[in-house]
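Basically our numbering = 1-based index in the sequence shown + 3.
Ideal Cβ positions, reconstructed from N, Cα and C, are used throughout, including at glycine.
What follows is one structure encoded as structure tokens, with my remarks underneath.
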Amino acid sequence: MTDCYYPVREVEIDLLYLTSEQAKDVVIQTIRNCHSNKVPHVKFITGRVNHINANGERGVIYEAFPSWM
């Protein structure tokens, strides 16, 4: 029996329920890993302003996400 290898074409990461710091670390590490492994598409789910975090804030990750790029 031979091994089959199918390259990963897309990764989807849900950042909901992470703190802003945790989410930033996950985003940066995911981008590095995907670049190293030639994964061409990464989808990050940030949520919007519908969820309130533990500090009572809304949309923190959604607002901060562009600055992490």
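Check the Cα spacing between Glu15 and each of Gln32, Ile31, His44: the tightest is with His44. A Cβ-Cβ separation of about 7 Å places Leu18 in contact with Val29 under the 8 Å criterion.
If the five residues before and after Ile48 are omitted, its C-beta is found closer than 8 Å to the C-beta atoms of Glu15, Ile16, Asp17, Leu18, Leu19, all from its own chain and listed in chain order. Apart from the 5 residues on each side of it in sequence, Ile34 sits with its Cβ closer than 8 Å to the Cβ of Val45 in its chain, given in chain order.
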